[in-house]
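Take the working numbering: the last position of the sequence shown gets the number 259, and nothing is skipped along the way.
Glycine included, every Cβ here is placed at the ideal spot set by N, Cα and C.
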Amino acid sequence: LVFDVFGTVVDWRTSVAREVEDLARRKGLRVDGVAFADAWRAGYAPTMDRVRKGELPWTKLDRLHRMILEGIVAGFGLGGLSDGERDSLNRAWHRLQPWPDAVPGLTRLKRKFIIAPLSNGNISLMTDLAKHAGLPWDCILGAELVRHYKPDPEVYRSAAEFLDVTPAEVMMVAAHLRDLRAAKAEGLRTAFVVRPDEFGPNGRPDLVADDSVDITARSFDDLAGQLGA
């Protein structure tokens, strides 16, 4: 089982918002942490597309996050942050909190399956995040190993290649149908775990499976039950 991480395993929005608001409070400022988190995340796909199109060389996600951060701090009144403060804030993505079902569900799934992230996050980010959140991965896979970002097909194929199994022996677990469609196209099986709160009360998460989905689950525990773990 390989997992999307941001939004599927961890609650990036609430976690980043809290860190931004804590930093602002220490600086004697008031910042809408949720709006900041949304603006930061909004730069994610367009910046990865610049790498995909060759406008930027291969760049690990930590550096892309920092580029996006530099473009939004002034608009939120945080333009006076020092380089050290910006570095620390950028590492908020290394300190995200898991969804409540994530650690117990992964622990249960691990008893029967090899479990690993298949994320756009770089290896150091995923390692720190696993340590911080207690995520019990067997190994870490993902974009940095193949220098491609999801949904590029190379990322999905790499999961089977690195683990010496066929694509059909790998199941991609994600809360995002775009991820699952791309995985399905490369021969992986797919599990859709619904995360209705990922984008907040006014967000538009994927809620209904399509034909790219083999299994739909309400939580990781539900997924474990359906897979006999």
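CB contact flag (residue i, residue j, <8 Å)
i, j, result
"residue 162", "residue 125", "yes"
"residue 159", "residue 250", "no"
"residue 139", "residue 239", "no"
"residue 189", "residue 235", "no"
"residue 91", "residue 37", "no"
"residue 222", "residue 147", "no"
"residue 201", "residue 210", "no"
"residue 145", "residue 168", "yes"
"residue 67", "residue 35", "no"
Distance, residue j Cα to residue i Cα
i, j, result
"residue 133", "residue 164", "7 Å"
"residue 107", "residue 61", "8 Å"
"residue 219", "residue 212", "11 Å"
"residue 121", "residue 196", "35 Å"
"residue 156", "residue 58", "32 Å"
"residue 178", "residue 79", "10 Å"
"residue 65", "residue 194", "43 Å"
"residue 116", "residue 44", "19 Å"
"residue 256", "residue 173", "28 Å"
"residue 71", "residue 141", "33 Å"
"residue 242", "residue 54", "42 Å"
"residue 227", "residue 40", "11 Å"
"residue 76", "residue 88", "14 Å"
"residue 111", "residue 230", "27 Å"
"residue 252", "residue 74", "30 Å"
"residue 175", "residue 56", "38 Å"
"residue 109", "residue 248", "41 Å"
"residue 127", "residue 149", "16 Å"
"residue 103", "residue 86", "22 Å"
Helix, strand or coil at residue i according to DSSP, with G and I counted as helix
i, result
"residue 203", "strand"
"residue 243", "coil"
"residue 32", "strand"
"residue 134", "helix"
"residue 235", "coil"
"residue 227", "coil"
"residue 128", "strand"
"residue 81", "helix"
"residue 41", "strand"
"residue 51", "helix"
"residue 103", "coil"
"residue 160", "helix"
"residue 123", "helix"
"residue 95", "helix"
"residue 259", "coil"
"residue 59", "coil"
"residue 139", "helix"
Boundaries of the beta strand (DSSP E) in which residue i is found, first to last residue
i, result
"residue 146", "146–149"
"residue 222", "219–223"
Anticipated Cβ contact below 8 Å, residue i with residue j, distance rounded
i, j, result
"residue 225", "residue 129", "7 Å"
"residue 49", "residue 119", "7 Å"
"residue 192", "residue 31", "Contact flag wrong, Cβ pair sits at about 14 Å."
"residue 216", "residue 166", "Wrong, their Cβ atoms sit about 26 Å apart, outside the cutoff."
Residue i, enclosing alpha helix (DSSP H) - first and last residue
i, result
"residue 185", "183–193"
"residue 170", "Where residue 170 is concerned, there is no enclosing alpha helix (DSSP H), given that its DSSP letter is neither H nor E."
"residue 253", "250–256"
"residue 115", "113–120"
"residue 66", "63–72"
Residue i beta carbon near the ligand NAD (any heavy atom closer than 7 Å)
i, result
"residue 244", "The model depicted lacks the ligand NAD and carries no ligand whatsoever."
Proximity test, Cβ basis, 8 Å: residue i and chain B
i, result
"residue 37", "As a matter of chain content, chain B is missing from the structure shown, which is built from one protein chain."
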